[in-house]
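Residue numbers (the numbering used here): 60 to 140.
We put the beta carbon where it would ideally sit given N, CA and C, even for glycine.
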């Protein structure tokens with residue numbers, strides 16, 4: 060029988076941090092778009108582009124960790140069968 064167990068608070072927090080990372084990436088994209096009138100070949104545009112890649116990567120990793128069914132790592136794990 061397949062049972063669904065409750066997610067720990069840390070995994071819920073991880074998903075929230077993933078969403079915050081996605082929002083940060085979107086903010087960097089918007090800033091890059093608004094700043095693109097000055098030119099896309101300066102260091103600010105390069106750093107904003109790198110920030111988008113970083114925040115999207117972090118968001119994906121945190122999202123996967125938060126949604127995965129991780130086993131309990133407690134030493135006194137008393138499971139009822």
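The count of Cβ pairs closer than 8 Å, one atom from the segment 100-113 and one from the segment 121-132, stays below three, leaving the stretches out of contact. About 7 Å separates the CB atoms of residue 108 and residue 91; that is less than 8 Å, so the two are in contact. About 4 Å separates the beta carbon of residue 77 from that of residue 121, a gap short enough to meet the 8 Å contact definition.
Check the Cα spacing between residue 72 and each of 135, 123, 134, 133: the tightest is with 123. DSSP, read as helix, strand or coil, puts residue 100 in coil.
For the set 81, 106, 135, the Cα lying nearest the Cα of residue 116 is the one of 81. In the structure shown, residue 71 falls within a helical segment according to DSSP collapsed to helix, strand and coil.
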